[in-house]
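Take a look at the structure below.
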């Protein structure tokens, strides 16, 4: 029944929204075959009309299923294949049925097929012998297709983080798709996955570029999106952080765009400001490990260390932990000397926190009766 209804919905993309709430529970069905069929239906719907209203909730549930260790491997593989095809495939072959992915809306097309490569590939026809010579115009078209696909993929990622309220399931998916396989895993399926992961890793740079463009566009349209500006800003930065967990090198070139957010003057709520500075600190922790000496020294000459120090006095314990971790990562960077500014700041903070704790030793055994400011400072220290 699920397959029959799904075929009908896929053939009439306009019905996707009407049947959305009926399909969602099937992703959690006890029957493996039902879940597999439902994943395939959502795959076809997303490829036909990737901007349909229910895409965020459907993607969130599918990622939750993929992250569940008790989930069937066949279901998980289908979900991984879906998101690899949408976001990370190095050579995306789009039938007319799937070509709407490039436009973000469902359309009717002719029977002609087209191949849209990603990364360093170029547009080719279906038969190599009839492939026309590459021209600047064709290469420009390829670049435009890459940018359009990555823009749509980045928007989907942000929507998933926004709907889930966390980057955890997205980060788990990216780890599964981009993480290294065990050397002992030599079967055919493992080799295919490894090849797919290598191609996907090469594509991450395009996704990060698209996310940064998304971030800058969101800032430019602040006045138009004032009602949910902070919420989406947090989601965009968390999405960048999810990619930084598995491919930090791709984020290094965009550090200068992210560092200003540590000044915590983004005109959003305190909770959102805390999330932003904590996430940027976490991103800096990861990218610092692959930064060159020149890049670290250039950051040291700016206000980065001062901004991180101010964060430790202004926000709660979780944000403070991220800030201290970032300061220590830069302070222990192997390419700089032991007297660098980041290490000096870290040692200064350690001394201040230690002295404050020592001063308040034996103050009380019931902190509920202590002044809020003292209690907060003790927790921070």
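Residue numbers (the working numbering): 6 to 386. Beta carbons: idealized from backbone N, C-alpha and C, even for Gly.
How is residue i classed by DSSP in three states: helix, strand or coil?
i, result
"residue 320", "coil"
"residue 367", "coil"
"residue 269", "coil"
"residue 54", "coil"
"residue 74", "coil"
"residue 34", "coil"
"residue 91", "helix"
"residue 159", "helix"
"residue 294", "coil"
"residue 299", "helix"
"residue 65", "helix"
"residue 374", "helix"
"residue 150", "helix"
"residue 207", "helix"
"residue 277", "helix"
"residue 336", "helix"
"residue 172", "coil"
"residue 308", "coil"
"residue 356", "helix"
"residue 345", "coil"
Under the rule that 16 or more other beta-carbon atoms within 10 Å means buried, what is residue i, buried or exposed?
i, result
"residue 276", "exposed"
"residue 53", "buried"
"residue 324", "buried"
"residue 334", "buried"
"residue 37", "exposed"
"residue 282", "buried"
"residue 75", "exposed"
"residue 345", "buried"
"residue 79", "exposed"
"residue 318", "exposed"
"residue 161", "buried"
"residue 226", "exposed"
"residue 366", "exposed"
"residue 287", "buried"
"residue 376", "exposed"
"residue 336", "buried"
"residue 172", "buried"
"residue 156", "buried"
"residue 355", "exposed"
"residue 35", "exposed"
"residue 359", "exposed"
By the DSSP assignment, the alpha helix (DSSP H) with residue i in it spans what residues?
i, result
"residue 246", "234 to 251"
"residue 86", "78 to 88"
"residue 260", "260 to 263"
"residue 229", "Per DSSP, residue 229 belongs to no alpha helix (DSSP H) and is neither H nor E."
"residue 29", "No alpha helix (DSSP H) contains residue 29, which DSSP labels as neither H nor E."
Give me the Cα-Cα distance between residue i and residue j, rounded to the nearest whole angstrom.
i, j, result
"residue 232", "residue 210", "31 angstroms"
"residue 248", "residue 292", "11 angstroms"
"residue 59", "residue 30", "13 angstroms"
"residue 42", "residue 253", "35 angstroms"
"residue 230", "residue 150", "27 angstroms"
"residue 351", "residue 364", "20 angstroms"
"residue 82", "residue 294", "32 angstroms"
"residue 311", "residue 267", "10 angstroms"
"residue 33", "residue 246", "28 angstroms"
"residue 39", "residue 65", "18 angstroms"
"residue 49", "residue 221", "31 angstroms"
"residue 181", "residue 228", "38 angstroms"
"residue 175", "residue 328", "23 angstroms"
"residue 353", "residue 299", "24 angstroms"
"residue 61", "residue 314", "37 angstroms"
"residue 88", "residue 259", "25 angstroms"
"residue 203", "residue 183", "7 angstroms"
"residue 374", "residue 383", "13 angstroms"
"residue 219", "residue 243", "13 angstroms"
"residue 206", "residue 91", "14 angstroms"
"residue 357", "residue 169", "38 angstroms"
"residue 51", "residue 297", "41 angstroms"
"residue 85", "residue 269", "36 angstroms"
Can you give the beta carbon distance from residue i to residue j, rounded, assuming they're within the 8 angstroms contact cut?
i, j, result
"residue 285", "residue 309", "Not really, about 10 angstroms apart at Cβ, beyond 8 angstroms."
"residue 273", "residue 320", "That pair is no contact at about 13 angstroms."
"residue 331", "residue 304", "11 angstroms between Cβ atoms; not a contact."
"residue 279", "residue 216", "So it is not a contact: roughly 21 angstroms between Cβ atoms."
"residue 256", "residue 301", "So it is not a contact: roughly 15 angstroms between Cβ atoms."
"residue 163", "residue 45", "Their Cβ separation, rounded to whole angstroms, is 25 angstroms, which puts residue 163 and residue 45 out of contact at 8 angstroms."
"residue 179", "residue 250", "7 angstroms"
"residue 177", "residue 72", "5 angstroms"
"residue 326", "residue 385", "At roughly 10 angstroms, the Cβ-Cβ gap does not stay under 8 angstroms, so residue 326 and residue 385 are not in contact."
Check whether chain C comes within 7 angstroms of residue i, counting only Cβ atoms and requiring the distance to be less than that.
i, result
"residue 278", "Looking at the structure shown, chain C is missing, and only one protein chain is on hand."
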